[in-house]
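In terms of the UniProt record's numbering, the sequence shown opens at residue 1 and continues consecutively.
Here the structure comes first, spelled out in structure tokens, and everything after it is commentary.
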Amino acid sequence: MRLWRSVVGKVWGTIILLVIFVLFVLTIFMLEFIENYHVDEAEKELTQLANKVSVILESHEDQSLARSITWELTDELTHILIVEDNDTFWNSPIEYENVPHLEFEDIAKDPDLTSVFTNESKISKRTNLDDLNDQVENAEEEVLIVGVPYSVSENVEGAVFISQSLSAVHETTKHTTKYIIYAAGIAIVLTTIFAFFLSTRITYPLRKMKEVAQELAKGKFDDQVPIMSNDEIGELGIAFNQMGKQLKFHINALSQEKEHLTNILSSMADGVITLNHDGIILITNPPAERFLQAWYYDKGMNVHSGEELPPEVMDLFQHVVNTNNEQLHEITLQGRSWVILMSPLYNQSYVRGAVAVLRDMTEERRLDKLRKDFIANVSHELRTPISMLQGYSEAIVDDIASTDEEKKEIAQVIYDESLRMGRLVNELLDLARMEAGHITLNFEEISVPQFIDKINRKFQGLAKDKQISLQANVHLEENHYVVDPDRIEQVLTNLIDNAIRHTSEHGAVSISVEDNESGLKILVQDSGSGIPEDDLPFVFERFYKADKARTRGRAGTGLGLAIVKNIIEAHKGKIQVHSKLGEGTTFSIILPRIRLNSA
């Protein structure tokens, strides 16, 4: 079945059917022609023989002699009947096997044959002598009968009838048919060989084109169709190869363009979601996928790919499609703020979808809040000293203080508040420089035990005043480290001062220094009041105080821990805080090892 579906089978079948049809038609016409030709020739011969017999009968007065001469003219295929009248007729005396014996009754029954007497003209007829079954074995065999009139006397007309079997003609036709069949078989075989050769020549390039096309479908563009001729098939092969080259060029261009677009989308900090006209997600980049996964997680959905949009985004999409205008919306999800800008996508004159750009505005919102809080905190921190400066200066101007002691006391308050304002401004400037990356570190190698002992002795007086135990424990394999001693002293001073300030009488503060796989580890622990759990994430922010009432006295400016964090980060280190309310607080510092030449 596969052969008949192929081009080779179709070409071969078409040629074979055409040859068989032509041979069949030619055979029919040829056999008809051969048979008619032999019958015509036999008719001519019988007519000539009948004319000779009629001449013999007319030219001899002795009819018996004429008839004897006539019987000599017969052969094994012919039979002669001489009819003088309805009652007088003679048959050739010699009877041959398979030669039809013609009787006068046969002539009398056939009006066509009897017309030779009335019309006095020659008559010939092909017929089957069915009534000769008793005389002839093959009674149904076809015979040719020729009748020629002759003059018996002036008023009597007779006729000579000669019959001849057409078996020889039919035999010749059979032999001719056999030879024609042999010739047709040979022609069909030769035609088959020729057809297969021709179809193979035609279909081989087509098969190669099919193979190359299948390779092209698999993405292999290097195969080419062999050019074996300069005809239309060869030109088709050349065009096919050119098409493959152009297809490879365009596929590579599209792949590069797609890869370029994918790289751009993947490297974008903003999320991108492309939607079709039905709101189905077509393209997303990693930030957009993180946004969708966060939304799925927030809604308790187990969706691994962007199959569904948040209702807010879908409403925004519908509004964009209906109005053909871009829309802006902000969503808060999992504690993060996302701004979504959605614009319509056009396909010539109609909207075919939309593209949404998602920007994570969490940091911007946080910075904006910090800016507002910073202004509020600075204003709050400066309001009290400025009010006090204003009030006490007015007291001096109005000469309210009458004694020198009162004047001195007022001046001392003004001086203390001015120092406090100056300290606040200086710390603000230091913090601003640190956060801007303008901090300068002066690295040098120090002896850590001596450095810690110095700081410990510095705070012993303050600790004794508050009846607090202050201890330092140093356990190091390597005593020398490279740091900026002034900045690290500033860090430890701030941490120890805070620890003593928030530790009640008979409490304890300890400084522990030990080796760590990452470098130097410093712990500042106290047994003070501790920090509430809700306040722990914000202790390193500017102006943040666990004391919400912002009590004065020895409370700091709220900038110390922010400065501490920036100094540690400038050393490429880390600082963490752990605390439990009523049990104390622990600040842990990790300082990496630094080589002096690289510092």
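For glycine and all other residues, C-beta sits at the position ideal for the given N, C-alpha and C.
Quantities reported herein were computed from a predicted structural model and do not represent experimental measurements.
Ranked by Cα distance from F197, the first of I15, I396 and T176 is I15. Annotation: R487 to L441 spans about 8 Å, alpha carbon to alpha carbon.
Per the Cβ contact rule, the region 336–347 is not in contact with the region 252–261 (fewer than 3 Cβ pairs under 8 Å). DSSP, reduced to helix, strand and coil, places T586 within a strand of the structure shown.
Judged by beta-carbon spacing, G158 lies beyond the 8 Å limit of L113, meaning their Cβ atoms are not closer than that value. By DSSP's assignment, F161 forms a beta bridge with L81 and G147. Beyond the five residues adjoining it in sequence on each side, T585 comes within less than 8 Å, by CB distance, of A499, H502, Q525, D526, G528, G530, I531, V577, H578 and S579 in the same chain, given in chain order. Shown here for T274: same chain residues with a beta carbon closer than 6 Å to its own, the five before and five after excluded, namely L282, I283 and V355 in chain order. Beyond the five residues adjoining it in sequence on each side, P93 comes within less than 8 Å, by CB distance, of W71 in the same chain, given in chain order. Selection V539, I386 and K122 evaluated against I162 yields K122 as nearest (Cα-Cα). In this structure the region 231–249 touches the region 207–218; the number of beta carbon pairs closer than 8 Å is three or more. With contacts defined as CB atoms closer than 8 Å, W338 and M361 qualify as a contacting pair. When the beta-carbon positions are compared, V320 and I202 stay at least 8 Å from each other. Runs of the beta strand (DSSP E) spanning 3 or more residues and lying entirely within the region 425–495 occur at 444–447, 469–475 and 480–483, in chain order.
Beyond the five residues adjoining it in sequence on each side, T27 comes within less than 6 Å, by CB distance, of I180 in the same chain, given in chain order. Around the beta carbon of T74, 16 or more other beta carbons lie within 10 angstroms, which makes this residue buried. Between G219 and I227, the C-beta gap is not smaller than 8 Å, which leaves the two residues out of contact. For the pair V483 and K454, the Cα-to-Cα distance works out to about 16 Å.
Around the beta carbon of R67, 16 or more other beta carbons lie within 10 angstroms, which makes this residue buried.
Looking only at I400, S447 and Y346, the smallest Cα-Cα distance to P485 is reached by S447. Secondary structure at K125: strand, using DSSP grouped into helix, strand and coil. In the three-state DSSP reduction, P532 falls in the coil class, being neither helix nor strand. Boundaries of the alpha helix (DSSP H) harbouring I264: E232 to S267, taken from the DSSP string. Separation of Q460 and L470 (C-alpha to C-alpha, rounded to the nearest whole angstrom) is 7 Å. The Cβ atoms of I568 and K574 lie closer than 8 Å to each other. Under DSSP, S343 takes part in a beta bridge, and its partners are V355. Taking all protein chains in view, the Cβ of L190 is surrounded by fewer than 16 other Cβ atoms within 10 Å, so the residue is classified as exposed. Measuring C-alpha to C-alpha distances from F538 to each of E409, A570 and R366 identifies R366 as the nearest. DSSP links F89 through a beta bridge to V83. Of V513, L520, E517 and L561, the smallest CA-CA separation from L536 is found for L561.
The Cβ atoms of I82 and F89 sit closer than 8 Å to each other.
About 10 Å separates the beta carbons of L166 and E43, which is beyond the 8 Å limit, so they are not a contact pair. For L520, the enclosing beta strand (DSSP E) starts and ends at G519 to D526. One thing to note: E445 has its Cβ no nearer than 8 Å to the Cβ of H475. Taking all protein chains in view, the Cβ of N347 is surrounded by fewer than 16 other Cβ atoms within 10 Å, so the residue is classified as exposed.
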